[in-house]
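Undergrad: Before I ask anything, let me first share the structure, which is written out below as structure tokens.
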Amino acid sequence: MAAAGSAVGLGNIWGFPTQVADNGGASFILIYLICCLIVGLPVMIAEFAIGRNTRRNPVGAFKKLSSGWFPPLIGLWGVMCGVMILCFYLVIAGWTLGFIFEEIFYYMGMSTASNWVADLGNGFKNSIFTVLFMLATMGIITGGVSNGIERATKTLMPVLILVLIIMIGYVFTFDGSVEGLRMYLLPDFSMINTNLVFSALGQAFFSLSLGMGALLTYGSYLKKNQNIVESAVYVTIADVCIAILAGLLIIPAMFVAQYSGITIMDDDGRLFASTTLVFDVLPNLFKSMGGFFGLLFGASFFILLSMAALTSTISLLEVPVSYFIDEHRLSRRRSTLIVGGVVMAAAIVVSYNINFIDILATIFNNVGLPLGGLMLCVFLAWYWKSENAIEEIKHGFENLEDGYFPAVWKIFIKYICPFLIALVLITTLYNLIA
Ligand code: PFF
25 MAAAGSAVGL GNIWGFPTQV ADNGGASFIL IYLICCLIVG LPVMIAEFAI
75 GRNTRRNPVG AFKKLSSGWF PPLIGLWGVM CGVMILCFYL VIAGWTLGFI
125 FEEIFYYMGM STASNWVADL GNGFKNSIFT VLFMLATMGI ITGGVSNGIE
175 RATKTLMPVL ILVLIIMIGY VFTFDGSVEG LRMYLLPDFS MINTNLVFSA
225 LGQAFFSLSL GMGALLTYGS YLKKNQNIVE SAVYVTIADV CIAILAGLLI
275 IPAMFVAQYS GITIMDDDGR LFASTTLVFD VLPNLFKSMG GFFGLLFGAS
325 FFILLSMAAL TSTISLLEVP VSYFIDEHRL SRRRSTLIVG GVVMAAAIVV
375 SYNINFIDIL ATIFNNVGLP LGGLMLCVFL AWYWKSENAI EEIKHGFENL
425 EDGYFPAVWK IFIKYICPFL IALVLITTLY NLIA
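The numbering of the sequence shown is my numbering, which starts it at 25 and goes up by one.
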């Protein structure tokens, strides 16, 4: 449940719909699903196995399983990605927190206050909510990764799904929504290009919390009798389903906005997919509900989204914090204060310059995480050896060796996943230079 809490977050409700809009709809979804299934799922199983076997933070885990300079480097890379992703993630999480107040102020007729909170370009306001969000994250991390996360995820996830479904039903009562649905469900294969595959792979890693050791760290808390493969399948299914639902709400909502006269496409017929897209479209939808229902759905949606973001920021911060605790002998409190302080300062800079969000997301979600995943596959197959990983996975998975799983997973982790990730990264780099 904690891993599902890490996976389900802004990546599903902000990242996925923005990417779908940016990459032409259904064709992106198709490639995204393929990436989750053939790269994400095998890598998630690998992270859980390494974590549970070593019971360490990412750097310590790789060091424990093999010697040399390469293994600790994979962990350090993850620590850096965690820190850099947090710098922009916190700003968006701050927006979701702010919109809870925006909905309340709007309902109470305090239009100046509600417009102030809704202004995503206001650096001072952004920094306040960013800091509040970080303080909440640090507060929970200082107390250790608590059982509360699991309990919160268990209750909040079904409610989030329910609210999404009700909102989807509501959006389809408007003209224009069916056009959005068409774009969302009918793939235009001519849209598939290197850039789309690059974005889909990055989005899969980001959304599933892979490539930086977050799920490896959570794997280190797994019990020996828990089935790693089953857990990974559940986390992947929950994460993908919530992303698909979020897109089903936001893409048709964009077309509804177009119907009411708002421009949503550029001259080439591509959707405007900015970082702020979700926060432009959704509050308008809640406002159209009007009165108390608008407040009820608007405020509950942003509360749920803030909670989902919180269970993700906790896992992002836990990676660098546990690294400093284990490898540099800091107390949990000290480690949280130092890492949290540095990240908070950097996030404040981003909150004043929101165009950094796109740049950081492209570098660290689309390149950083898949590269981390690639190194993890190489490590598992050639350093630790997949036979040892299979031995670990056997715990909690009776009859593992009776089926095809060990052979198939080995081929994926040793050849298919690293080859595909390397191919996507190298082709994108080549296109960029050429
Ligand atoms: N998976 C989270 C989301 O979809 O919002 C973001 C994330 C959390 C990425 C933890 C990476 C990570 F290690």
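We treat Cβ as the ideally placed atom computed from N, Cα and C, and that holds for glycine. Keep in mind the model is a prediction, meaning the values are calculated, not measured.
Between the stretch 238–253 and the stretch 25–37, do at least 3 Cβ pairs fall closer than 8 angstroms?
TA: Output reads yes: the stretch 25–37 touches the stretch 238–253.
Undergrad: In this structure, what does DSSP give as the bridge partners for residue 14?
TA: Look at the range of the chain in this structure, 25 to 458, and you will see that residue 14 is not part of it.
Undergrad: If you check the beta carbons only, do residue 98 and residue 112 fall under 7 angstroms apart?
TA: No; because the gap between Cβ atoms is not below 7 angstroms, this pair is not in contact.
Undergrad: Let me confirm a value: residue 273 is counted as buried when at least 16 other C-beta atoms fall within 10 Å, else exposed. Which label applies?
TA: Buried, since its Cβ has 16 or more Cβ neighbours within 10 Å.
Undergrad: Does the distance from the C-beta atom of residue 402 to that of residue 430 stay below 7 angstroms?
TA: In this structure, residue 430 does not lie closer than 7 angstroms to residue 402 by Cβ.
Undergrad: Report the rounded CA-to-CA distance for residue 196 versus residue 458, giving the unit in angstroms.
TA: For residue 196 and residue 458, the distance between alpha carbons rounds to 44 angstroms.
Undergrad: Among the residues of its own chain, which have a CB less than 6 angstroms from the CB of residue 133, if the five just before and after it don't count?
TA: Result list for residue 133: empty, nothing under 6 angstroms.
Undergrad: Just to confirm the assignment: which complete alpha helix (DSSP H) runs, minimum length 4, are found wholly within the stretch 389–418?
TA: If we require 4 residues or more, the alpha helix (DSSP H) runs fully inside the stretch 389–418 come out as 393–402 and 410–418.
Undergrad: Less than 8 angstroms between the CB atoms is what I'm expecting for residue 435 and residue 62, so what's the real figure, rounded?
TA: So it is not a contact: roughly 11 angstroms between Cβ atoms.
Undergrad: Looking only at its own chain, which residues have a Cβ that is under 7 angstroms from the Cβ of residue 412, when we skip the five neighbours before and after it?
TA: Here the set comprises nothing.
Undergrad: Between residue 416 and residue 70, is the Cβ-Cβ spacing less than 7 angstroms?
TA: Cβ distance not < 7 angstroms, so residue 416 and residue 70 don't count as in contact.
Undergrad: Check residue 38 in the structure and name its three-state DSSP category.
TA: Reduced to three states, the DSSP call for residue 38 is helix.
Undergrad: Which term fits residue 182, buried or exposed, when burial requires 16 or more other beta carbons within 10 angstroms of its beta carbon?
TA: Label assigned to residue 182: exposed.
Undergrad: Can residue 325 be considered in contact with ligand 1, in the sense that its beta carbon sits closer than 6 angstroms to one or more heavy atoms?
TA: For ligand 1, not one heavy atom lies less than 6 angstroms from the Cβ of residue 325.
Undergrad: Under the three-state reduction of DSSP, which class applies to residue 87: helix, strand or coil?
TA: If DSSP states are grouped into helix, strand and coil, residue 87 belongs with the helices.
Undergrad: Straight-line CA distance for residue 104 to residue 292?
TA: Going from the Cα of residue 104 to the Cα of residue 292 covers about 38 angstroms.
Undergrad: I want to check one thing, is the minimum distance from the CB of residue 35 to the heavy atoms of ligand 1 below 6 angstroms?
TA: Under cutoff, so the answer is yes.
Undergrad: State whether the stretch 364–380 contacts the stretch 212–219, with contact taken as three or more CB pairs (one from each stretch) at a distance under 8 angstroms.
TA: The stretch 364–380, when compared against the stretch 212–219, does not touch it at the 8 angstroms Cβ threshold.
Undergrad: Return yes when at least one heavy atom of ligand 1 lies under 6 angstroms from the C-beta of residue 117, else no.
TA: Every heavy atom of ligand 1 is 6 angstroms or more from the Cβ of residue 117, so no.
Undergrad: Could you tell me the boundaries of the alpha helix (DSSP H) in which residue 115 lies?
TA: Here the alpha helix (DSSP H) through residue 115 covers 94–131.
Undergrad: When you compare only the Cα positions, how much space is there between residue 234 and residue 143?
TA: Distance between the alpha carbons of residue 234 and residue 143: 32 angstroms.
Undergrad: For residue 91, count neighbouring C-beta atoms within 10 Å of its own C-beta (all shown protein chains included) and say buried if the count is 16 or more, exposed if not.
TA: Its Cβ having fewer than 16 others within 10 Å, residue 91 is exposed.
Undergrad: Would DSSP call residue 458 helix, strand or coil?
TA: In this structure, residue 458 counts as coil in the three-state DSSP scheme.
Undergrad: Output needed for residue 164: all residues of its chain with C-beta closer than 6 angstroms, excluding positions within five of it in sequence on either side, in chain order.
TA: Correct list, in chain order: 338.
Undergrad: Please find out if some non-hydrogen atom of ligand 1 comes closer than 6 angstroms to the beta-carbon of residue 230.
TA: Answer for residue 230: yes, Cβ within range of ligand 1.
Undergrad: Using 8 angstroms for Cβ pairs, my map puts residue 81 next to residue 350. What's the rounded Cβ distance?
TA: Indeed they touch by this definition, with Cβ atoms about 5 angstroms apart.
Undergrad: Indicate whether residue 124 and residue 325 have their beta-carbon atoms separated by less than 7 angstroms.
TA: No.
Undergrad: How many whole angstroms separate the CB atoms of residue 470 and residue 120, which I take to be in contact at a CB cut-off of 8 angstroms?
TA: Nothing about residue 470 can be reported from this structure: the residues present for the chain run from 25 to 458 only.
Undergrad: Tell me where the alpha helix (DSSP H) around residue 216 begins and ends.
TA: It is not in any alpha helix (DSSP H) - residue 216 carries neither H nor E in the DSSP assignment.
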